[in-house]
Structure formats: structure tokens, C-alpha cells
Amino acid sequence: MTKMLKILALLLVITTVVFAAGCADQGEEGAEEGAEEEMPTYYVGTEAQFPPFEIVDDEGNIIGFDVDLMNAIAEDQGFKFIYQDQDFSGLIPALQTGNIDIIASGMTITEEREGQVDFSEPYINAGLALAVTVNNEEIQGVDDLQGKTLAVQTGSTGFFKAEELKEAGIVAKIKDFPHVNEAIEEVRIGGADAMINDIPVTNAFIAAQPGVIKVVGEPLNSESYGFAVREGNTELLEKINTGLQNVRDSGKYDELIADLPNYMEE
Ligand code: ARG
Numbered sequence: 071m072t073k074m075l076k077i078l079a080l081l082l083v084i085t086t087v088v089f090a091a092g093c094a095d096q097g098e099e100g101a102e103e104g105a106e107e108e109m110p111t112y113y114v115g116t117e118a119q120f121p122p123f124e125i126v127d128d129e130g131n132i133i134g135f136d137v138d139l140m141n142a143i144a145e146d147q148g149f150k151f152i153y154q155d156q157d158f159s160g161l162i163p164a165l166q167t168g169n170i171d172i173i174a175s176g177m178t179i180t181e182e183r184e185g186q187v188d189f190s191e192p193y194i195n196a197g198l199a200l201a202v203t204v205n206n207e208e209i210q211g212v213d214d215l216q217g218k219t220l221a222v223q224t225g226s227t228g229f230f231k232a233e234e235l236k237e238a239g240i241v242a243k244i245k246d247f248p249h250v251n252e253a254i255e256e257v258r259i260g261g262a263d264a265m266i267n268d269i270p271v272t273n274a275f276i277a278a279q280p281g282v283i284k285v286v287g288e289p290l291n292s293e294s295y296g297f298a299v300r301e302g303n304t305e306l307l308e309k310i311n312t313g314l315q316n317v318r319d320s321g322k323y324d325e326l327i328a329d330l331p332n333y334m335e336e
């Protein structure tokens with residue numbers, strides 16, 4: 071009898087230990103599955119004064135179309151990201167040195183940049199246009215820029231277009247600024263005759279502050295924006311491209327596009 075009890079007690083102990091071990095295992099697995107820390111976190115660089123694509127709100131948060139789209143892609147692909155606001159002209163160097171992992175900054179896919187970074191599939195189309203003060207009747211297009219001074223954002227495609235016009239002997243002088251609003255201000259105070267910038271962004275500034283500048287003439291070109299990663303970072307590029315495609319397929323992309331005018335009114 072005692073022997074029997076001993077065996078039973080031993081069995082009970084063994085069962086308990088095995089069961090407890092099983093629980094611990096499960097616990098670890100469960101924790102792994104739900105663990106937020108397991109998600110990779112990427113640093114995303116942007117120059118955040120570029121509405122409607124990136125805007126700093128009253129609380130200092132970076133919002134806008136690029137942020138919404140990155141959020142949707144990150145959610146789809148299971149990664150997190152932290153935004154870093156910096157000068158536009160420093161974004162590619164920051165990516166190359168590893169300070170950031172992704173550029174999401176209304177960056178146009180250009181041949182020159184293709185040699186420095188890897189771009190995602192294009193996510194939106196834009197283009198450049200001229201803008202002048204609202205009461206300027208003299209400048210109606212590129213043909214009226216002879217001997218004029220242009221204001222642009224440093225390192226932007228608007229800046230490169232201005233350089234082309236200068237090399238062609240049309241534009242006399244280029245004044246470049248870290249932020250678009252500073253280029254607009256230069257035009258407003260008469261320090262520059264016109265500015266070249268991305269059309270949706272110039273329109274967003276006009277919507278926010280009407281009666282200062284106006285867009286004139288036809289668009290100067292057509293451009294596509296892409297997200298950029300370090301050259302050869304195919305793993306991250308694939309995540310972004312797959313996420314972007316899924317966000318398009320799910321209808322989420324169209325929802326975000328429909329929200330764009332709201333940003334412009336802010
Ligand atoms: N699309 C233009 C470019 O790639 C201007 C982009 C500026 N973006 C910004 N967030 N400031 O050069």
C-alpha cells in the first residue's frame with residue numbers, strides 16, 4: 071500500500087513538473103508572438119515642412135501623406151518606425167552613413183539619385199511649377215525668366231531645374247533655402263522674382279496662406295516620388311514594395327489620396 075502511494079506521489083510530481091515545463095514553454099512562445107519588441111524599428115528621415123506630404127502639427131508631431139502611407143506599409147509588413155526631421159539636402163548622406171534607414175520625404179526618383187540610393191516603386195506623381203507674387207503680371211512662364219532671380223529649396227529638383235536654367239543663360243541668380251516656406255518668403259519680400267517647387271506643395275502653402283504667391287504657366291515637368299533605402303538593402307526595399315502593393319490593393323491607398331486635400335487646407 072505504501073509502495074503504491076509512493077508511486078502515485080512520484081507520478082504526480084512528474085506530471086506536475088512536465089505540465090509546468092509545458093506551460094513555461096507555451097508562455098515563452100506566446101510572449102514571442104505578441105512581443106512588440108520583436109518588430110524591427112527603422113529610422114525614417116524627412117524634411118517635415120513640406121505639406122501635404124509632411125507637416126509638423128501644433129504638438130510637434132510629424133503628420134501628412136507620407137507618414138500615413140508609411141504607417142499603412144509598416145502595419146502591413148510588421149515593422150515600426152521613428153521619424154527624424156532634418157534638412158532635405160542631408161537625407162541621402164544620412165541614409166548612406168546609416169543614420170536613417172528610409173527616406174520618406176516627397177523625394178523625386180531621379181537618375182542621379184538612383185546612383186546613390188535604391189528607390190521603391192513610385193507612390194505618387196507630382197511636378198515642378200513656377201510661382202510668383204500674386205500681383206506679378208510680368209512672369210507668366212519660363213520664357214519670362216531672362217535675368218531673373220529664382221528661390222528654391224536646397225538640394226531639391228526645383229534647385230536642379232533652376233541650375234539648368236542658369237547654365238542655359240536664362241536665369242541670372244539662384245537663392246536656395248533649407249525650407250520651402252523660406253523660398254516663398256524671399257519671393258514675397260522681393261528678394262527673388264520667382265520660385266520653383268513641387269506643384270502640390272506650392273498649392274498647399276497657397277491654400278494655407280492665400281494672397282501671397284500664385285502658380286504661373288504650365289508644369290515644368292512630371293516627377294514621381296519614391297521611398298529610398300540604402301543601396302543593396304533589398305530586404306527592406308521588398309518590405310516597402312510589398313506593403314505598398316498591399317496598401318494599394320486593399321483600397322487604403324485611395325482613402326489616403328482622398329484625404330490629401332484636407333492636409334492642404336490646414
Ligand atoms: N520632390 C522634390 C525633390 O525630390 C522636393 C522634395 C522636398 N521634400 C521635402 N520633404 N522637403 O527634390
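Sequence positions in the sequence shown follow the numbering used here and run 71 to 336.
Note that beta-carbon positions come from the ideal geometry of N, C-alpha and C, so glycine has one too.
Own chain partners of residue i with C-beta closer than 8 Å, once the 5 adjacent residues on each side are dropped
i      : result
GLU98  : Note that GLU98 has pLDDT 43, beneath the 50 cutoff, so the model's placement of it is unreliable and no number is given.
ILE132 : THR116, ALA118, GLU124, ILE125, VAL126, TYR153, ASP155
ASN251 : GLN119, PHE275
ASN195 : SER292, GLU293, SER294, TYR295
ILE140 : One point to set straight first is that residue 140 is Met, not Ile, in the sequence displayed. For MET140, where only same-chain residues beyond five positions count, the Cβ hits under 8 Å are VAL114, PHE151, ILE172, ALA174, PHE297.
ILE269 : ALA196, GLY197, LEU198, ALA199, VAL285, PRO289
GLN315 : GLU191
ALA91  : Unreliable placement is indicated for ALA91, whose pLDDT of 47 sits below 50; the coordinate value is still reported in the next sentence. Counting only Cβ-Cβ distances below 8 Å, and skipping sequence neighbours, we find nothing.
For residue j and residue i, believed in contact at Cβ under 8 Å, the rounded distance
i      : j      : result
THR116 : TYR153 : 6 Å
GLN197 : PRO289 : The question names Gln, but residue 197 in the sequence shown is Gly. That belief holds up - the Cβ atoms of GLY197 and PRO289 are roughly 4 Å apart, short of 8 Å.
THR219 : ASP263 : 5 Å
Proximity below 8 Å, CB of residue i to CB of residue j
i      : j      : result
VAL257 : ALA201 : yes
ILE283 : VAL212 : no
ASP223 : HIS249 : First, the residue type needs correcting, since residue 223 is Gln and not Asp in the sequence shown. Their beta carbons are under 8 Å apart, which means GLN223 touches HIS249 by this criterion.
GLY313 : ASP128 : no
LEU326 : ASP138 : yes
PHE158 : GLY239 : no
GLY228 : ASN273 : no
SER190 : ASN311 : yes
ALA253 : MET265 : yes
ASP214 : GLU208 : yes
LEU330 : PHE135 : yes
GLN210 : GLY281 : no
ILE143 : VAL317 : yes
ILE244 : GLU233 : yes
GLY168 : MET109 : no
Per DSSP, the bridge partner or partners of residue i
i      : result
LYS243 : THR219
ALA253 : ALA253 is not bridged to any residue.
ASP155 : THR116
VAL187 : Answer is none; VAL187 lacks a bridge partner.
GLU293 : ALA196
ASP268 : LEU198
VAL285 : ALA201
LYS150 : THR111
THR178 : TYR295
GLU124 : PHE120
ILE173 : GLY115, ALA298
ILE132 : VAL126
Residues of its chain near residue i, where Cβ-Cβ distance is below 7 Å and the 5 sequence neighbours each way are ignored
i      : result
GLY100 : Low confidence applies here, because GLY100 scores a pLDDT of 44, under 50, leaving its location unreliable; read the following figure in that light. Excluding residues within five positions, none has a Cβ falling inside 7 Å.
GLY217 : ALA242
LEU259 : A quick correction: the sequence has Ile, not Leu, at residue 259. There are no such residues.
SER320 : none
ILE170 : TYR113, VAL114, GLY115, GLN154, ALA164
Proximal residues to residue i (C-beta, below 6 Å), its chain only, five neighbours per side dropped
i      : result
ILE173 : GLY115, LEU161, LEU165, ALA298
GLY176 : PHE120, PHE123, TYR295
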